[in-house]
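Encoded as structure tokens, the structure appears first; notes follow it.
Residue numbers (our numbering): 1134 to 1240.
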């Protein structure tokens, strides 16, 4: 799909792959080819297997359990798309953990 001269690409991290597939299907787009894997020591590795140069990239990822791992997957994928010269990167977060912790701390 091409809007305003830019390709639109939808990618999914590990937390919401079925939802991302439904979004891509509804828009008539293929789901982007990306793998996120975790090494035995807990580090996360990202592999983007297609060009995103100049494209509008949408990354679908919730920060549900395990919250910290899913958040790191999202941040690492955003960094990877930025390094791959994506035109614009949008995080689609159906559930945003830590969002309710913005209250003032009790003294």
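Even for Gly, the Cβ is constructed at its ideal location relative to N, Cα and C.
Reference residue i; option with closest CA among the options
i            : options                   : result
residue 1216 : 1186, 1198 and 1196       : 1186
residue 1146 : 1161, 1190 and 1174       : 1190
residue 1196 : 1184, 1228 and 1188       : 1228
residue 1164 : 1206, 1183, 1205 and 1211 : 1183
Under the three-state DSSP convention, the category residue i falls into
i            : result
residue 1226 : coil
residue 1164 : strand
residue 1148 : coil
residue 1153 : helix
residue 1159 : helix
Extent of the continuous alpha helix (DSSP H) to which residue i belongs
i            : result
residue 1178 : Residue 1178 -> not in any alpha helix (DSSP H); beta strand (DSSP E) instead, spanning 1177–1181.
residue 1212 : 1200–1216
Residue i to residue j span [Cα, whole Å]
i            : j            : result
residue 1179 : residue 1159 : 26 Å
residue 1208 : residue 1155 : 23 Å
residue 1220 : residue 1150 : 23 Å
residue 1172 : residue 1231 : 25 Å
Heavy atom of the ligand SAH within 6 Å of residue i beta-carbon
i            : result
residue 1184 : Among the ligands in the structure shown, none appear at all, so the ligand SAH cannot be discussed.
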